[in-house]
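Counting from 10, one number per residue, gives the positions in the sequence shown under the numbering used here. Report on one structure; see the data block that follows.
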Amino acid sequence: MIAEPSTAGTLSRGHITYFPVIPGRLESAARVRRYLLENRPQVVAVELPSSLEREYTRALDRMPKLSVIVIPEPGGDEERATYIPVEPGDPFVEAMRTAREIAAEVLMLEPATADKPHLSDLYAEPYSLELIGMERYVDAYRFHPRPRTPEIEQHAAAMAWKLQGADPLAPMLVVVSLNLLDVLLEAMEVPQEEPALPRTRLFKYAELFNLHPDCLAEVTSEPPYYQELYEETRREPAASVVIDRPRWQLALLRDAQREYEINTGEKVASWQRRSLAKFTRNLAMLDGRLLPGLYDLALGARSVIDDNYAWEVWQMGNRFSVQQTEDPPLETLNLSGEDVWIRTRKIRIRRRLPRMKQMLKPAGLKPRQRESVKGEWARQTNGASICSYPPEDLVIEDYGRFLKR
């Protein structure tokens, strides 16, 4: 893993330091936390809607438990809503959590609009941050600028207006998505006017809910198993934290294998582990990634071993020990991936519960004869017989001799 200072990849403009991140990725969250603990700015600005400050504050109060913000559609359709998971591995959430620890002011930059412009969320493999470093990753991304639209520039101008109205003397860290960094930098070069207020009060009926433990892997950006390991690293010195995904992936598969062997009595052979590694590597390469995700691991486990092992892999990836099925006063929601994400993929796992076969044994049935010493029966034959034992097989031997003619 490459060693680099906490300021790697950041850009400073006067009293403002811009920290580009990959939304929802642990590598960015760990780097944001390290920067804040080492530099301790007075203001931390994050790319989140200011209208949801109350909900995010409540979600931070119950961390590390996972929450979801539900925003009903303006038309009042109860079946349609926007779901925003609040998870520890998100760099914006981590920025607000750590800002609390260092007593920094939190500033939420996004304007109160439900129509956030579409930004390309295609990033290179996040794990490459650990291999090439933040500086080279950011430079490579900015070297190929993404297309812009008037909506994106207007969105960045509204964020810049809020930054320009903040304390001009206080050291500030701005945590911003990498795909919005250059647009925001250009918007900060000129004074911005206050954006027009929306016609209606948006996010008025937004609510915070507890996430059911069974649905976590479907709705979170990172597998809950990884996020629990990340929570453990937060207790360590920030400079020593490394997001070692290959080791975490291996630990997940080993824990799943242990449960698989306990529940089924089957063993996973070494050749199966090698085949699983190659299969999931190829799946990741098809998506342009270095490492497979939880879906790829479950798909590979089902294809190489069986559905029971795939079930254990998915359940282990879904594990987040502090999450509860009931957590008053919040209500609990059990969501599916289709509720939160678009372009989801499905996998059908047919778990087969082990069942010992029971066969009725007649009372007068003699037990199967066994050799008293290994090789005893072999020494009693001379090679002239087809069936060496027992004598009742003479009919079969005679039939075999008949076929030889």
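Think of the CB as a built atom: it goes at the ideal place given N, C-alpha and C, for glycine as much as any other residue. Please read these numbers as outputs of a predicted model, since none were measured by experiment.
Determine the closest residue to Val228 out of Glu385, Pro14 and Ile78, with distance taken between C-alpha atoms.
-> Ile78
By DSSP, does Asn427 sit in helix, in strand, or in coil?
-> Since the first residue shown for the chain is 10 and the last is 414, residue 427 is missing from the structure and cannot be characterised.
On the DSSP bridge assignment, give the partners of Met117 in chain order.
-> Val55
Neighbourhood of Glu82 by C-beta, 7 Å cutoff - its chain only, sequence neighbours within 5 removed | Arg89 and Ala90
Following the continuous beta strand (DSSP E) through Asn291, name the residue where it begins and the one where it ends.
-> From DSSP, Asn291 is part of no beta strand (DSSP E) but of the alpha helix (DSSP H) over Ser279 to Leu295.
Should Tyr223 and Asn327 be called a contact, given that it needs their Cβ atoms to be closer than 9 Å?
-> Strictly speaking, residue 223 in this sequence is Asp, with Tyr absent from that position. A contact, by the Cβ cut-off of 9 Å.
Which term fits Trp320, buried or exposed, when burial requires 16 or more other beta carbons within 10 angstroms of its beta carbon?
-> buried
Could you name the residues that DSSP lists as bridge partners for Glu216?
-> Val79
Per DSSP, Arg22 forms a beta bridge with which residues?
-> Ile25
If I'm right that Gln51 touches Leu225 with Cβ under 8 Å, what's the distance once you round it to whole angstroms?
-> Contact doesn't hold; Cβ gap of about 35 Å is too wide.
Sub-9 Å separation of Pro204 and Ala166 beta-carbons | yes
Roughly how many angstroms lie between the CA atoms of Pro73 and Arg377, to the nearest whole one?
-> 60 Å
For Arg354 versus Tyr304, is the C-beta spacing smaller than 9 Å?
-> yes
Close beta carbons around Asn343, own chain, < 7 Å, minus the five adjacent residues each side = His221, Asp223 and Cys224
Is the region 95–108 close to the region 140–158, with three or more CB pairs under 8 Å?
-> no
Where does Met294 land, buried or exposed, given buried means 16+ other C-beta within 10 angstroms?
-> exposed
Could you check if Lys149 is buried or exposed, using at least 16 other CB atoms within 10 Å of its CB as the buried criterion?
-> The sequence shown places Ala at residue 149, not Lys. By the neighbour-count rule (16 or more Cβ atoms within 10 Å), Ala149 is not buried but exposed.
Out of curiosity, what's the CA-to-CA distance linking Leu178 and Arg43?
-> 23 Å
Count the other CB atoms within 10 Å of the CB of Leu403; is the residue buried (16 or more) or exposed (fewer)?
-> exposed
Helix, strand or coil: how does DSSP classify Ile11 here?
-> coil
Where Leu339 falls: helix, strand or coil (DSSP) | strand
Start-to-end residues for the alpha helix (DSSP H) that takes in Thr66 | Glu62 to Asp70
Determine the closest residue to Pro154 out of Glu231, Leu172, Ser230 and Asn188, with distance taken between C-alpha atoms.
-> Asn188
Just mark Arg311 as buried or exposed, buried being the case when its beta carbon has 16 or more other beta carbons within 10 Å.
-> buried
Would you call the CB atoms of Arg38 and Pro100 closer than 9 Å?
-> For the sequence presented, residue 38 should be read as Ala rather than Arg. Closer than 9 Å, so yes.
How far does the beta strand (DSSP E) with Ala90 in it reach, from first residue to last?
-> Ala90 to Val95
State the start and end residues of the unbroken beta strand (DSSP E) segment that holds Ser137.
-> Run containing Ser137: none in the beta strand (DSSP E); it sits in the alpha helix (DSSP H), Ser137 to Ile141.
How far does the alpha helix (DSSP H) with Val192 in it reach, from first residue to last?
-> Leu190 to Ala196
Note down the Cα distance separating Asp130 from Ile31, rounded to an integer number of angstroms.
-> 9 Å
Which word fits Ser186, buried or exposed, when buried means at least 16 other C-beta atoms lie within 10 angstroms of its C-beta?
-> buried
Could you name the residues that DSSP lists as bridge partners for Val183?
-> Tyr27 and Ala54
At which residues does the alpha helix (DSSP H) containing Asn272 begin and terminate?
-> Arg254 to Thr273
Do we get a CB-CB distance below 9 Å when we pair Pro97 with the residues of chain C?
-> Absent from the structure: chain C. Only one protein chain is present.
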